[in-house]
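Residue numbers (the working numbering): 41 to 363.
Quick notes on the structure that follows.
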Ligand code: ACO
């Protein structure tokens, strides 16, 4: 059977770092509150004029270099973002043109913080169906552009960044020992729209709008939904929590990471954490964390990775990947 194997990963973070101390000079907050409630110490903020497409292009080039491939080797680009450069065309086509690719398909996926898992599952299914051979799967966001910088309950939590992987269709035996994506699981429940949304859009207000969130409610749903979708992936493969070498979670809040690990009896030292330095970068957070753990040597060939995320919609999902 065909498996989608991750043959390279890359990332990009804007140069400018905004600390909690800087935020405390802008809204009524403190480093102590932000660290205690979220685990976040700093976040990266895109420069004026630097767009999601710029971040995505840099992460894509880094992933291609890591894979030892050329842009022309790619025939599918799936880009997850909730902060596209324009209402249309898709930011994936911006990346495609910057990379000089003139063939294949390119489109965006919109599932907010779960976007990368949605994009990964989408690309995986295209590769398994034999329609494309090599995909760039990108998560890229400039959430700093949709934050209400006067709302202390949200502006302290998010940051900008991008991560990317190259997926390649390869023959596998169809067992859990295969390299590549072993299983993926996606969910949505649109009833919870009002707990996490942006109060603008092209068709409703003709403005971009600002992020609004009922943090406590989102938190409660996150631990329940993530635990369920992780168990679903384990049950689908017959694997156990102790088989997982690394958990690469969406980085929303350190307390959600700890709560989910506790609920599933996962060793906390196996959870890759970047939220302290990146904040919540939405669809970019999973490939950013993955790339960090690949580049620093934690992730080794043959290891089992669990990827998971939950975001606005609500949407949530998981994937088990053999590196
Ligand atoms: N600084 C100081 N005080 C603050 C701040 C701040 N930045 N923000 C809120 N407070 C105050 C509140 O006003 C409240 O005060 P009150 O008790 O006088 O009313 C108090 O702190 C406690 O606020 P809570 O909202 O109850 O704090 P909580 O412990 O729930 O933490 C947080 C808030 C960090 C937002 C948390 O609920 C959370 O992380 N939620 C989940 C977010 C998430 O997972 N998002 C994922 C998806 S994101 C996406 O898809 C785009």
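Backbone N, C-alpha and C fix where the C-beta goes; we use that ideal spot for every residue, glycine too.
Keep in mind it's a predicted model, so treat the numbers as computed, not measured.
- Secondary structure at residue 136: helix, using DSSP grouped into helix, strand and coil.
- The C-beta of residue 127 has fewer than 16 other C-beta atoms within 10 Å across all chains shown, which makes the residue exposed.
- A direct Cα-to-Cα measurement between residue 285 and residue 344 gives close to 5 Å.
- Rounded to whole angstroms, the gap between the alpha carbons of residue 346 and residue 282 is 11 Å.
- According to the DSSP assignment, residue 200 belongs to the beta strand (DSSP E) that extends over 200 to 211.
- The DSSP assignment places complete alpha helix (DSSP H) segments of no fewer than 4 residues inside the segment 43 to 126 at 60 to 64, 71 to 78, 92 to 107, in order along the chain.
- Apart from sequence neighbours up to five positions away, the residues of its chain that approach residue 68 with a beta-carbon distance below 7 Å are 192, ordered along the chain.
- Here DSSP, grouped into helix, strand and coil, assigns residue 167 to helix.
- Boundaries of the beta strand (DSSP E) harbouring residue 225: 220 to 228, taken from the DSSP string.
- In the DSSP secondary-structure assignment, residue 236 is bridged to 253.
- The ligand ACO has no heavy atom closer than 8 Å to the beta-carbon of residue 210.
- Pairing residue 236 with residue 357 gives a Cβ-Cβ distance that is not under 9 Å.
- Runs of beta strand (DSSP E) with 3 or more residues, each lying fully within the segment 262 to 296, are found at 286 to 289, listed in chain order.
- At least one heavy atom of the ligand ACO is found less than 8 Å from the C-beta of residue 69.
- Annotated three-state conformation of residue 349 is strand, per DSSP.
- Shown here for residue 143: same chain residues with a beta carbon closer than 7 Å to its own, the five before and five after excluded, namely 115 in chain order.
- Contact annotation: residue 319 and residue 80 have beta-carbon atoms nearer than 9 Å.
- A check of alpha carbon separations from residue 159 across 187, 119, 85 identifies 119 as the nearest.
- Taking the Cβ of residue 363 as the reference point, every heavy atom of the ligand ACO lies at 8 Å or farther away.
- For residue 189, the shortest C-beta to heavy atom distance toward the ligand ACO is 8 Å or greater.
- Closest in alpha carbon position to residue 217, among 103, 342, 161, is 342.
- According to the DSSP assignment, residue 247 belongs to no beta strand (DSSP E), since it is labelled neither H nor E.
- For residue 231, the closest alpha carbon among the candidates 258, 330, 243 is that of 258.
- 362 is the residue among 188, 362, 106 whose C-alpha sits nearest the C-alpha of residue 220.
- The ligand ACO approaches residue 259 closely enough that one of its heavy atoms is under 8 Å from the residue's Cβ.
- By the C-beta density criterion, residue 123 is buried, having at least 16 other C-beta atoms within 10 angstroms.
- A distance of 9 Å or more separates the beta carbons of residue 321 and residue 170.
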